[in-house]
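Residues 179 to 336 in this note's numbering are what the sequence shown lists, from first letter to last.
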Amino acid sequence: MTLSKQSMTDEQRKSVALEYLKAFDHGGVTSDGGSILDLFSTDAQVYIPKWGIANGREEIGKLFGDVGATIRSITHDYSTFNWIFSGSDTIVAEGTSFGVHRDGPWRAGVPDTGAGRWCDVFEIRDWHITRVFIYLDPDYAGKDTLRYPWLHPERTGE
């Protein structure tokens, strides 16, 4: 028996990425009732700022557990997504979200400097995510202001 690998279309890769994002909105459960981890290859990588790179499903599960424990609810704004297709296994999704973090609510654009804007770079092969690097500010509730003078006018002497 030989291993057969078919190339995927951009729309097929997009469908896997959407399933992943929708699983976040449903507490890590996919549309067929499976685990979000089932969407990943066994040797996949996931990166998120302030956590680092998780290698393999076990570490990815730890990353999602650590980050997910801080989020009470999340909803992605699917109608506003921008998709970039590279003609290879890589696609990029840029979008917004809103929800409730353990430190408080967030919504993209409220304020403009706040959380809710993100960009994910996916590599998807054979119906599995092999890599997703998540670019967002993990300070969902916008509490980390003292270290940034432009967010805390009292520190700038104004």
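Glycine residues also receive a C-beta, built at the ideal position from the N, C-alpha and C atoms.
How far does the alpha helix (DSSP H) with A195 in it extend, from its first residue to its last?
On the sequence shown, residue 195 is found 17 positions in, with the first residue counted as 1. D188 to D203 is the extent of the alpha helix (DSSP H) around A195.
DSSP three-state label for L339, please.
Any property of residue 339 remains undetermined from this structure, which presents the chain solely from 179 to 336.
Helix, strand or coil for D221, going by three-state DSSP, please let me know.
In the sequence shown, the residue the question calls residue 221 occupies position 43. The answer is strand: DSSP assigns D221 an E or B state.
Three-state secondary structure assigned by DSSP to G206:
Looking up residue 206 in the sequence shown gives position 28. G206: coil per DSSP, three-state reduction.
Got a sec, what are the start and stop residues for the alpha helix (DSSP H) G239 sits in?
If you number the sequence shown from 1, residue 239 lands on position 61. It spans G234 to G246 - the alpha helix (DSSP H) in which G239 sits, taken as one unbroken run.
Cutoff 8 Å; reference P283; Cβ partners in own chain excluding five residues on either side
The count along the sequence shown starts at 1 and reaches residue 283 at position 105. Only F276, G277 and A319 meet the Cβ criterion.
Terminal residues of the continuous beta strand (DSSP E) containing P283?
Here residue 283 corresponds to residue number 105 of the sequence shown, with the count starting at 1. Element bounds for P283: G282 to R285.
Three-state secondary structure (DSSP) at S185?
One-based indexing of the sequence shown puts residue 185 at position 7. Three-state DSSP puts S185 in coil, outside helix and strand.
Between S213, M186, T248 and F242, which has its C-alpha nearest F311's C-alpha?
Reading the sequence shown from its first residue, position 133 is the one you call residue 311. Minimum Cα distance to F311 is reached at F242.
Excluding the 5 residues preceding and the 5 following L217 in the sequence, name in chain order all residues of the same chain whose CB lies nearer than 8 Å to its CB.
Sequence index remark: in the sequence shown, residue 217 carries index 39 (1-based). Cβ within range, chain order: V194, E197, Y198, A201, T208, H306 and I307.
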